[in-house]
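As C-alpha cells, the structure follows; a few thoughts come after it.
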Amino acid sequence: MGGVLGRIILVRLSLASGPISRDALIDALWDGEVPSSTESVLNATCSRLRKGLSSIGLDGKRVLLSSGGSAELVWPSDARVDVRTAMRAIEDAELALKNIDLDTALRRATIAYTISQRDILPGINRVWIDDTRDNLRDILERSLNVLADALHLRRDDPSSLMIAKKLSRVAPYSPQAAQKLARAHCALDDFPAARLTIQTYQERVSRDLGIGDDSQLSDWLSQKLSTLLGERFQRIVRGG
50 MGGVLGRIIL
60 VRLSLASGPI
70 SRDALIDALW
80 DGEVPSSTES
90 VLNATCSRLR
100 KGLSSIGLDG
110 KRVLLSSGGS
120 AELVWPSDAR
130 VDVRTAMRAI
140 EDAELALKNI
150 DLDTALRRAT
160 IAYTISQRDI
170 LPGINRVWID
180 DTRDNLRDIL
190 ERSLNVLADA
200 LHLRRDDPSS
210 LMIAKKLSRV
220 APYSPQAAQK
230 LARAHCALDD
240 FPAARLTIQT
250 YQERVSRDLG
260 IGDDSQLSDW
270 LSQKLSTLLG
280 ERFQRIVRGG
C-alpha cells in the first residue's frame with residue numbers, strides 16, 4: 050500500500066488532529082533530505098495509497114484527502130488510532146486508580162499496556178517517529194505503574210510482583226519502580242528480596258548515573274518492614 054513512504058504517510062496523517070500542509074508531510078517523509086522529484090513521488094504514493102484503501106473496502110478518495118496544499122486522513126467513525134487509544138486509556142486508568150475504581154483501572158491500564166508494547170514503523174527512523182516511540186514508552190511505564198498499584202490494592206500479590214518486575218525492567222532508574230517491587234516482595238513476606246531490590250537499585254543509579262547515596266528508599270523500607278513485623282506480632286499475640 051504505497052511501500053515505505055505509504056506507511057509513513059498513513060501513520061503521520063493518522064496521528065494528526067486534522068489536515069497538515071504538504072510541506073509538513075514532505076518533511077515527515079524525508080526528514081530534511083528532500084529529493085528533487087518530491088511532488089511526483091508524493092502524488093504517485095498518494096495515488097497508490099488510495100487504491101490500496103479502496104482494495105480493503107474503503108473509499109480511498111474520501112479517506113485520503115489532498116487539496117489546497119494540505120493532506121488529511123478521514124477514517125470511518127469506528128476506526129481507532131492505536132496511539133490515541135493508548136493515551137486515552139492510560140489517562141482513564143490513572144483517574145480510575147485515583148478514585149479507587151480498581152476494575153476500571155485494571156481494564157484501561159491493560160489496554161494501554163498492550164498497545165504501548167507495539168513498535169511503530171519498525172526499521173524506519175525519523176525525528177517525529179522517535180518522539181512517538183518515546184510517548185509510547187512513557188505510556189508503557191505509566192500503565193505498569195497503574196497495574197502494579199491496582200493489583201496491590203486488590204491484594205493480588207503474585208500478580209503485583211510480576212508487574213513490578215516488568216516495571217523495573219522498563220524503568221531501571223525509577224525509584225518508584227524499585228519501591229513497588231520491594232513493596233510486592235514485602236507483601237509476600239520475602240523481606241530479604243525487598244532489601245536486595247533497594248540495594249541493587251541504589252548500586253545501579255550510583256554506578257550508571259553517578260547519583261550518591263539516597264537514604265529515602267532505605268528509610269521507607271525500614272519503616273515498611275517495622276510496620277509489617279509489628280502487625281505480624283500483634284496477630285500472633287491475638288491468636289495466642
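According to our numbering, the sequence shown is numbered sequentially starting from 50. The beta-carbon is built from N, C-alpha and C at its ideal position, and this holds for glycine as well.
Buried or exposed for residue i, please, with buried defined as at least 16 other CB atoms from any protein chain shown within 10 angstroms of its CB.
i, result
"residue 192", "buried"
"residue 229", "buried"
"residue 68", "buried"
"residue 194", "buried"
"residue 59", "buried"
"residue 189", "buried"
"residue 178", "buried"
"residue 164", "buried"
Among the candidates the options, whose CA atom is the shortest distance from the CA of residue i?
i, options, result
"residue 128", "64, 259, 206, 252", "64"
"residue 133", "196, 108, 184, 88", "184"
"residue 224", "98, 251, 109", "251"
"residue 180", "245, 237, 77, 52", "77"
"residue 291", "70, 148, 197, 174", "Look at the range of the chain in this structure, 50 to 289, and you will see that residue 291 is not part of it."
"residue 212", "200, 204, 164", "200"
"residue 247", "149, 226, 187", "226"
"residue 89", "71, 105, 81, 106", "71"
"residue 112", "80, 86, 62", "62"
"residue 56", "243, 238, 273, 173", "173"
"residue 207", "253, 266, 233", "233"
"residue 98", "114, 87, 85, 84", "114"
"residue 122", "164, 93, 102, 270", "102"
"residue 162", "149, 148, 204, 143", "143"
"residue 219", "210, 186, 241", "186"
"residue 270", "238, 117, 107", "238"
When DSSP labels each residue in this structure, what does residue i get in the three-state scheme?
i, result
"residue 69", "strand"
"residue 104", "helix"
"residue 145", "helix"
"residue 80", "coil"
"residue 269", "helix"
"residue 135", "helix"
"residue 96", "helix"
"residue 152", "helix"
"residue 111", "helix"
"residue 90", "helix"
"residue 260", "coil"
"residue 85", "coil"
"residue 128", "coil"
To which residues does DSSP link residue i through a beta bridge?
i, result
"residue 119", "70, 116"
Original post:
Taking only runs of the alpha helix (DSSP H) that begin and end inside the stretch 163–241, which ones reach a length of at least 4 residues, in chain order?
Top reply: 176–202, 206–219, 224–236
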